[in-house]
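Residue numbers (the UniProt record's numbering): 1 to 226.
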């Protein structure tokens, strides 16, 4: 993943979607290992390149994610979710301007289960979705990054199914993204991703991979997909 991070930030332009996908979906241990490998391979911390190749709110979001502070427990605390929902409201929709630090603090440290509960509590308490608040309060890459984190919290397999579909059906097959997604998830949740893919796109992941790849490469991917 260190090489993927480097390539997402090197060359002309930055692949913001790839950065969010990698940092947003990795466990704390995976992100720590990526950071250590990045230092070994490139002689400087990954944070240096994040600062050099991104800016503003999006830079702050990525730097928060790379700190590996996400709670990895599986249970949600309803009282905490209500409190976080209120903090997010007061930091955004309830005031003129946005307190971005509150958003980053909650979105990059709470467990996925806790974020799911917070999303539900926010809409129940305030009559509009957290996604709509983010759309109003943030712009450009920061908005996209936060919305993708919320999508991960609500339905990670669905989010990754969409990333796979984009890799297959965009302007030419994005082989690097396709390989990364399948290899990184094949022993984690690829079965769930396959089910979401079929629900969303009315075809199987296997069928689309078979249509868009060939030869030994196709055989290897189909073997991993199962």
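Glycine residues also receive a C-beta, built at the ideal position from the N, C-alpha and C atoms.
Scanning 134, 8, 190, 29 for the CA closest to the CA of residue 66 turns up 29.
Taking each of 55, 120, 211, 36 in turn and checking the Cα distance to residue 77, the smallest one comes out for 120. Annotation: the continuous alpha helix (DSSP H) that includes residue 4 extends over 2 to 9. In the displayed model, residue 66 falls within coil according to three-state DSSP, outside both helix and strand. Counting along the chain, no alpha helix (DSSP H) covers residue 74, and no H or E run does either. Annotation for residue 218: the continuous alpha helix (DSSP H) segment containing it runs 215 to 225. C-alpha of residue 209 to C-alpha of residue 85: approximately 40 Å in a straight line. In the structure shown, residue 99 adopts coil according to DSSP, grouped into three states. Comparing alpha-carbon positions, the option among 225, 168, 37, 223 lying closest to residue 213 turns out to be 168. Taking a contact as a CB-CB distance under 8 Å, the pair residue 34 and residue 2 counts as one, their CB atoms being some 5 Å apart. Between residue 178 and residue 164, the C-beta spacing is below 8 Å. Taking 8 Å as the cut-off, the beta carbon of residue 4 is found closer than this to the beta carbon of residue 180.
Scanning 135, 132, 200 for the CA closest to the CA of residue 155 turns up 200. Burial check for residue 223: the Cβ neighbour count within 10 Å stays below 16, so the residue is exposed. Of 27, 123, 138, 150, the smallest CA-CA separation from residue 56 is found for 138.
In the three-state reduction of the DSSP assignment, residue 56 falls in the helix class. Scanning its chain for C-beta atoms nearer than 6 Å, with the 5 sequence neighbours on each side dropped, one finds around residue 204 the residues 198, in chain order. Counting the other Cβ atoms within 10 Å of the Cβ of residue 101 gives fewer than 16, which makes it exposed.
For residue 127, there is no enclosing alpha helix (DSSP H), as DSSP marks it with neither H nor E.
Counting along the chain, residue 174 sits inside no alpha helix (DSSP H), nor does DSSP assign it H or E at all.
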